[in-house]
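Residue numbers (mature numbering (1 follows the signal peptide of the UniProt record, and there is no 0)): -23 to -1, 1 to 115.
In structure tokens form, the structure reads like this:
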């Protein structure tokens, strides 16, 4: 009997937590995420900051064009709401590169707001999003 009590408590806790998670993500609807154009500034800032702090010589994004959405919540409504975006960016070395970024609900500071993950093709120096920025695409 004593063996079943912890199992029953664990099952009850998982049921309650599943309901809370579903309610949390259903409130974070993808339409509440900023559009690709609105999140571009945050994506550019993240890239420029990472380059300035960790890499020498540092690159910086000077301009962006052809900003478009690739997908919204491609894995369904029960996952973290995400908006996948792409843009062509001009960097301060004179080259144009493809930039991919994903806007995610609930991944901002302390889980509040939205977060942005960004990868510029050919500049993923530590291969965090390898191969060829695949981890920032649906």
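All C-beta atoms in this analysis are idealised placements derived from N, C-alpha and C, irrespective of residue type, glycine included.
All figures in this text were calculated on a predicted structure; none of them were measured in a lab.
With distance defined between alpha-carbon atoms, name the residue in 62, 108, 69, 86 nearest to residue 79. Position 102 of the chain shown, counting from 1, holds the residue named residue 79. Comparing Cα-Cα distances from residue 79 to each of 62, 108, 69, 86, the minimum goes to 62.
By how many angstroms is the C-alpha of residue 36 removed from the C-alpha of residue 71? Stepping through the chain shown from its first residue, residue 71 is reached at position 94. Stepping through the chain shown from its first residue, residue 36 is reached at position 59. So the alpha carbons of these two residues sit roughly 10 angstroms apart.
Start and end of the beta strand (DSSP E) containing residue 92? Counted from its first residue, the chain shown places residue 92 at position 115. Element bounds for residue 92: 91 to 97.
Please state whether the Cβ-Cβ distance between residue 38 and residue 68 is less than 8 angstroms. Taking the chain shown and counting its residues from 1, the one referred to as residue 38 is at position 61. Taking the chain shown and counting its residues from 1, the one referred to as residue 68 is at position 91. For residue 38 and residue 68, yes; Cβs fall inside 8 angstroms.
Nearest-angstrom Cα separation, counted from residue 20 out to residue 104: Position 127 of the chain shown holds residue 104. Position 43 of the chain shown holds residue 20. Distance between residue 104 and residue 20, taken at the CA atoms: about 18 angstroms.
Would DSSP call residue 78 helix, strand or coil? Your numbering for residue 78 matches position 101 in the chain shown. Correct three-state label for residue 78: strand.
So for residue 44, helix, strand or coil by DSSP? Here residue 44 corresponds to residue number 67 of the chain shown, with the count starting at 1. Strand at residue 44.
Other residues of its chain near residue 102: CB distance less than 7 angstroms, five sequence neighbours each side excluded: Taking the chain shown and counting its residues from 1, the one referred to as residue 102 is at position 125. In chain order, 32 place their CB closer than 7 angstroms to the CB of residue 102, counting only its own chain and leaving out the 5 sequence neighbours on each side.
At what residues does the beta strand (DSSP E) containing residue 67 begin and finish? Position 90 of the chain shown, counted from the first residue, corresponds to residue 67. That run of the beta strand (DSSP E) goes 59 to 68.
Whole angstroms is fine: what's the gap from residue 3's alpha carbon to residue 89's? Along the chain shown, read from residue 1 onward, the residue named residue 3 stands at position 26. Along the chain shown, read from residue 1 onward, the residue named residue 89 stands at position 112. Its pLDDT being 47, under 50, residue 3 is placed unreliably in this model, and the value from its coordinates should be taken loosely. One C-alpha to the other measures close to 15 angstroms.
Among the candidates 98, 12, 94, whose CA atom is the shortest distance from the CA of residue 26? The residue labelled residue 26 in the question sits at position 49 within the chain shown. Selected option, being the one with the closest Cα: 94.
Buried or exposed by the 16-neighbour rule on C-beta atoms within 10 Å, applied to residue 14: Here residue 14 refers to the residue found at position 37 when the chain shown is read from its first residue. By the beta-carbon neighbour count (other beta carbons within 10 angstroms, threshold 16), residue 14 is exposed.
Distance, residue 58 Cα to residue 46 Cα: On the chain shown, position 69 is the one that residue 46 refers to. On the chain shown, position 81 is the one that residue 58 refers to. The alpha-carbon separation between residue 46 and residue 58 amounts to approximately 14 angstroms.
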